[in-house]
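Worksheet for the structure shown next.
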Amino acid sequence: MDSQFLVSLLMILVTFGLYIGIAVYNMARQTSDFYVAGRNVPAVFNGMAIGADWMSAASFIGLAGTVMLLGYDGLAYIMGWTGGYLLLTFLLAPQLRKSGRYTVPEFIGDRYSSSTARLIAAVATIIISFTYSIGQLSGSGVVIGRLLEVHTAVGTIIGVVLIAFYSALGGMKGITWTQVAQYLVLIIAYLIPVIFMSLQLTNNPIPWMSYGQIVGELQQLDAQLGISEYVVPFTEATKWQFLALMFTLMAGTAGLPHVIVRFYTVSTMKAARWSGAWALLFIGLLYLSAPAYAAFSRFILMTQVAGSSIADLPAWTASWVNTGSLSVADTNADGILQWEEIVISNDIVVMATPEIANLGIFVIGLMAAGAMAAALSTAGGLMIAISAALSQDIYYRSINPEATESQRLLVGRASIIIATVAAGLVALNPPGAITQIVAWAFALASGTFFPALILGVWWKRANGPGVIAGMLIGLSVTLTYIFAAKYGGFTILGIIDTGAGVFGAAAAIIAIIVVSLATKAPSKEIQEEVMDLRYPEGMTYKDGEVWRTDPAEKKRPDH
Amino acid sequence: MRKIDKREADSYFRIRTILITIYLLIGFTASFVVVFFAEQLSEFSFNGMPFHYFMGAQGAILIFIILLFTNAIINDRIDKKFGLDQDEKE
Chain A
-2 MDSQFLVSLL MILVTFGLYI GIAVYNMARQ TSDFYVAGRN VPAVFNGMAI GADWMSAASF
58 IGLAGTVMLL GYDGLAYIMG WTGGYLLLTF LLAPQLRKSG RYTVPEFIGD RYSSSTARLI
118 AAVATIIISF TYSIGQLSGS GVVIGRLLEV HTAVGTIIGV VLIAFYSALG GMKGITWTQV
178 AQYLVLIIAY LIPVIFMSLQ LTNNPIPWMS YGQIVGELQQ LDAQLGISEY VVPFTEATKW
238 QFLALMFTLM AGTAGLPHVI VRFYTVSTMK AARWSGAWAL LFIGLLYLSA PAYAAFSRFI
298 LMTQVAGSSI ADLPAWTASW VNTGSLSVAD TNADGILQWE EIVISNDIVV MATPEIANLG
358 IFVIGLMAAG AMAAALSTAG GLMIAISAAL SQDIYYRSIN PEATESQRLL VGRASIIIAT
418 VAAGLVALNP PGAITQIVAW AFALASGTFF PALILGVWWK RANGPGVIAG MLIGLSVTLT
478 YIFAAKYGGF TILGIIDTGA GVFGAAAAII AIIVVSLATK APSKEIQEEV MDLRYPEGMT
538 YKDGEVWRTD PAEKKRPDH
Chain B
4 MRKIDKREAD SYFRIRTILI TIYLLIGFTA SFVVVFFAEQ LSEFSFNGMP FHYFMGAQGA
64 ILIFIILLFT NAIINDRIDK KFGLDQDEKE
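Protein chains in written order, with my numbering: chain A, -2 to 556; chain B, 4 to 93.
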């Protein structure tokens, strides 16, 4: 047991103690509290909670490595995952807030007055959130396993116990404040190493201003080696794949149930707009830093690791070689390690950075705590989305409408535990790379919820049969394209499985429009409710007239 | 609850829609249009890197953040102008 192990363990335990302490302190008592935190979370903190929800193991651990390995082509993830907040905040969040519903399936069910649509939406919520959480749990397993020096599977089981414990105990309220703490831990953990690396390499403590210089030097190094340059676009895939992936990630962001549900935790449309703005600022801090990580790490690898004698590599390489994520084979047997001979997994770039830059055991421990915060906070939000879909939309609305509040709460808590354990079991032997699984979840969201919500809010003529056809067709097209591209080698314009959302969304939008127009228009009541979403909260649309409501009369639908 | 002129309510909706359309067009240009012309835009540099790379790694994100805050601030002003100030308790 070395000092690194003890320090990492201590950092993780202290931060976990903090999260659980907050969850217990805020132990939820009522349904409305459990799911949406009583709708009184200030916008700045809600923005941080959205940030923690949002930035998963894939963002924290995988993104910088993806940019480092793909060069310019990796930036599709950065633009896609941030640009989605424009669609969400401009086109959906304030309107969904005004609708006063608690969950995405509930909104779809009521807006399209169809319990079939609500059931499909609930099932889609569960599929998307479950897929996404498998990636988080296996990510937390890797981190816990590596740091506690136990098998990855044991690490995954530890993660499952923690998530199940505090999600079921605190509900959304516990999670909201827990996630504020998690955001702070993960952003500090992410920024400290990149600032130190910037100081080491450029004597400039501001990585965002200094890494351009390193990018320039990387171009020269690439040119000397005669390999394709770091900044040259579309070397890994076609331009169409870049655009399709970017669209899929943007539309998926606007359709992810566990992110949208965050916008119900604010009290007004105004707070929804501010929450979205703060969220993107807090998220942007990490996303602006990821390309700096990528450039610095690649530069160190090219200048300090490549070119050194194979017998004399830095000490940190050995431990990562043992995990199988780094390979430094001297294939041409000249005793010198060439750049081409380094094969690095994109998942270790961020985790290995403190070791590469020699930042000491406390920073390494902090990185571990930050990575765990990223994985657990996202998994926690996903579990709430699954639990709300099961207990509210399936159990209460479809199976047992007589259920009391305590029965629903019980079903909600039980479903969190079952879903966490089930996702943990799959995560013991994950079906693909973490980033791949996450990208599929985005493609599914952009093929189902994105069209259903956008048209539901902005087109009053969209009706129940239309949305049922749209979600089913969108889901099938997306799934078919993912499988055809991944296993059948079928592609259109070079668009691979991660860009599948563009076809799913297009098919779903066409289906909703065509089927809606071919069937009966929605009832006058529904059309009025959609018209009402156009106006701010102080105005109510009724019978072709607009009424002004005083804040005191403001009344939300009861549940 | 009192009735108000529908034209007033509709002018609120129209202003909001126009603004959102402008914001989305700017966001679309910063991301999709720049990517589409990436090869041509790599000719000159900004902040030490080729322009297309700068836009992907920094420019687009900054523009997105500015757009969201601009929207929040301007919308608060519009609300005030229409007398729709929401109580500050949140």
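Here a beta-carbon is modelled for each residue, glycine too, at the ideal position from N, C-alpha and C.
These numbers were taken from a predicted model, which means no experiment stands behind them.
Out of curiosity, what's the CA-to-CA distance linking residue i and residue j?
i, j, result
"A481 (chain A)", "G471 (chain A)", "15 Å"
"E542 (chain A)", "K6 (chain B)", "7 Å"
"T495 (chain A)", "V64 (chain A)", "16 Å"
"A186 (chain A)", "V464 (chain A)", "43 Å"
"L65 (chain B)", "A400 (chain A)", "48 Å"
"D529 (chain A)", "W455 (chain A)", "11 Å"
"V151 (chain A)", "L422 (chain A)", "11 Å"
"M169 (chain A)", "I381 (chain A)", "The pLDDT assigned to M169 (chain A) is 47, lower than 50, so where the model puts this residue is not dependable; a value taken from the coordinates is nonetheless given after this. Between M169 (chain A) and I381 (chain A), the C-alpha separation is close to 7 Å."
"I431 (chain A)", "S135 (chain A)", "8 Å"
"V418 (chain A)", "S264 (chain A)", "33 Å"
"R259 (chain A)", "L490 (chain A)", "36 Å"
"L557 (chain A)", "I184 (chain A)", "The structure shown does not extend to residue 557 (chain A), since chain A is modelled only from -2 through 556, so no value can be given for it."
"Q92 (chain A)", "P202 (chain A)", "42 Å"
"G62 (chain B)", "D8 (chain B)", "43 Å"
"Y261 (chain A)", "S96 (chain A)", "9 Å"
"S111 (chain A)", "R394 (chain A)", "12 Å"
"A12 (chain B)", "F500 (chain A)", "37 Å"
"V38 (chain B)", "K236 (chain A)", "8 Å"
"A49 (chain A)", "H255 (chain A)", "12 Å"
"A33 (chain B)", "F40 (chain B)", "11 Å"
"A438 (chain A)", "S342 (chain A)", "22 Å"
"T153 (chain A)", "V140 (chain A)", "9 Å"
"S5 (chain A)", "T350 (chain A)", "15 Å"
"D82 (chain B)", "V41 (chain A)", "20 Å"
"I358 (chain A)", "N397 (chain A)", "54 Å"
"L27 (chain B)", "I18 (chain B)", "14 Å"
"D70 (chain A)", "F239 (chain A)", "7 Å"
"S195 (chain A)", "A291 (chain A)", "12 Å"
"G485 (chain A)", "I492 (chain A)", "13 Å"
"A90 (chain A)", "I257 (chain A)", "7 Å"
"A515 (chain A)", "V340 (chain A)", "56 Å"
Do the CB positions of residue i and residue j come within less than 8 Å of each other?
i, j, result
"A440 (chain A)", "I509 (chain A)", "no"
"L60 (chain A)", "A60 (chain B)", "no"
"S403 (chain A)", "S384 (chain A)", "no"
"Y227 (chain A)", "Q217 (chain A)", "no"
"M369 (chain A)", "M348 (chain A)", "no"
"L452 (chain A)", "A459 (chain A)", "yes"
"I125 (chain A)", "A442 (chain A)", "yes"
"L323 (chain A)", "I297 (chain A)", "no"
"V360 (chain A)", "P190 (chain A)", "yes"
"W78 (chain A)", "T250 (chain A)", "yes"
"L277 (chain A)", "F57 (chain B)", "no"
"I9 (chain A)", "A372 (chain A)", "no"
"W275 (chain A)", "G44 (chain A)", "yes"
"V325 (chain A)", "E337 (chain A)", "no"
"I75 (chain A)", "A287 (chain A)", "yes"
"L87 (chain B)", "P533 (chain A)", "yes"
"Y129 (chain A)", "A46 (chain A)", "no"
"G81 (chain A)", "M266 (chain A)", "no"
"G156 (chain A)", "T149 (chain A)", "no"
"I280 (chain A)", "W51 (chain A)", "yes"
"Y392 (chain A)", "F293 (chain A)", "no"
"I23 (chain B)", "F87 (chain A)", "yes"
"I131 (chain A)", "I434 (chain A)", "yes"
"F447 (chain A)", "G223 (chain A)", "no"
What are the partner residues of residue i, as DSSP defines its beta bridges?
i, result
"K6 (chain B)", "A:W544"
"F49 (chain B)", "B:M52"
"L323 (chain A)", "A:I341"
"S264 (chain A)", "S264 (chain A) is not bridged to any residue."
"I333 (chain A)", "A:S306"
"M536 (chain A)", "A:R545"
Inset, instruction - Take every Cβ of the region 100 to 119 of chain A, pair it with every Cβ of the region 475 to 494 of chain A, and state whether three or more of those distances are shorter than 8 Å. - result: no
Inset, instruction - Please list the segments of the alpha helix (DSSP H) lying wholly inside the region 42 to 120 of chain A, counting only runs of 4 or more residues, in order along the chain. - result: 60 to 67, 72 to 84, 90 to 96, 101 to 108
Inset, instruction - Could you tell me whether the region 307 to 316 of chain A touches the region 229 to 237 of chain A, where touching means 3 or more Cβ pairs closer than 8 Å? - result: no
Legend entry - At least 3 beta-carbon pairs within less than 8 Å: the region 513 to 529 of chain A vs the region 265 to 279 of chain A: no
Inset, instruction - Identify every run of the alpha helix (DSSP H) within the region 338 to 369 of chain A, keeping only runs that are complete inside it and at least 4 residues long; order them along the chain. - result: 346 to 353
Inset, instruction - Could you tell me which uninterrupted beta strand (DSSP E) segments, each at least 3 residues in length, are contained entirely in the region 445 to 492 of chain A, listed from first to last along the chain? - result: none
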